[in-house]
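The numbers in this note's numbering rise by one with no breaks, and the one at position 182 of the sequence shown is 168. Beta carbons are placed, not taken as given, at the ideal position from N, Cα and C, and that holds for glycine. Just so we're clear, the structure is a prediction, and the values are computed from it rather than from any experiment.
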Amino acid sequence: MKKRILGDNMSRETEKIIMDTALKIFAEEGYVGAKTRVIAESSGFSEMTLFRKFKSKKNLFNAILEGQKEYLLKEASILFSADEIENHVESFKLLIQHVYALMEENFHFISLYINERRRLSENILDELVICLSHQIKLRFPNIKVNTKVFAFNILSFFYLLIFDKYRNYSFMNHKEALNEFIENCALVLTA
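Encoded structure:
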């Protein structure tokens, strides 16, 4: 059981601990499979504390989605607005390395979004595809492929590679696969 937090920070810190734990459990078990008792116990608090903070499982789920969505979009916005490097190919490689790192850092949230999309009214992945597609067009205005499809393929590959890594599968060497994929993407863009 985690040590209880005292003082004014108790409320915010308690919420953060519960939300972080719940995110992982929702991502692994889905909304229906996630049990508030398990979330509370895993976070080191009582189920009563969870309900006092969030009132319901649905409120907890929505709080996680909203908070994580804001964070992810803010981070993506920073990535996609970064100053452009003179060399477009190197700029692109660096950009998608950062996109991969962002996806890996937020894997549980992205996995939850993908698996529970029927419960959601909007799709954050559409926004990421559009942003990445725009960045590709900026760097390679004469590209002959559909940039939305290309961006979707990049994000899909990253998700599957991270999924494989998180599940401790050894289908391939993840670092080598990532580097080779980035090089192949650069070849497509410069063809």
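Within 8 Å, strictly: CB atoms of residue i and residue j
| i | j | result |
| --- | --- | --- |
| Ile50 | Leu88 | no |
| Leu141 | Leu118 | yes |
| Tyr86 | Leu164 | yes |
| Phe66 | Tyr152 | no |
Residue i - containing alpha helix (DSSP H), residue span
| i | result |
| --- | --- |
| Ile129 | Taken as a continuous stretch (DSSP letters only), Ile129 belongs to no alpha helix (DSSP H), as it is neither H nor E. |
| Asn170 | 160 to 176 |
| Ser77 | 74 to 91 |
| Tyr57 | 43 to 66 |
| Phe40 | 33 to 40 |
| Arg125 | 110 to 125 |
| Arg23 | 22 to 29 |
Residues near residue i by beta carbon distance below 8 Å, same chain, minus five either side
| i | result |
| --- | --- |
| Thr35 | Thr0, Ile4, Ala26 |
Nearest-angstrom Cβ-Cβ length linking residue i and residue j, presumed shorter than 8 Å
| i | j | result |
| --- | --- | --- |
| Phe78 | Ala172 | 6 Å |
| Ile148 | Glu90 | 5 Å |
| Phe157 | Asp150 | 5 Å |
| Ile204 | Ile82 | Only positions -13 to 177 of the chain appear in the structure, and residue 204 is not among them; the question remains open. |
| His74 | Arg125 | 4 Å |
Close Cβ partners of residue i (< 7 Å) along its chain, the five nearest in sequence each way excluded
| i | result |
| --- | --- |
| Ser105 | According to the sequence shown, residue 105 is Arg rather than Ser. Once the five neighbours on either side are set aside, the close Cβ partners of Arg105 are Tyr17. |
| Ile96 | Met89, Tyr145 |
| Lys43 | Thr22 |
| Phe47 | Phe12, Tyr17 |
| His120 | none |
| Thr133 | Ser119, Ile122, Lys123 |
| Ser32 | Ala26 |
6 Å Cβ shell around residue i - same chain, five flanking residues per side excluded
| i | result |
| --- | --- |
| Lys(-11) | Unreliable positioning characterises Lys(-11) in this predicted model, as indicated by a pLDDT of 44, which lies under 50. A coordinate reading is not provided. |
| Leu58 | Asn92 |
Residue from the options with nearest C-alpha to residue i
| i | options | result |
| --- | --- | --- |
| Asn139 | Phe126, Tyr57, Val115 | Val115 |
| Ala62 | Ile11, Asp112, Leu46, Asp6 | Asp112 |
| Leu98 | Thr7, Ser(-3), Phe37 | Thr7 |
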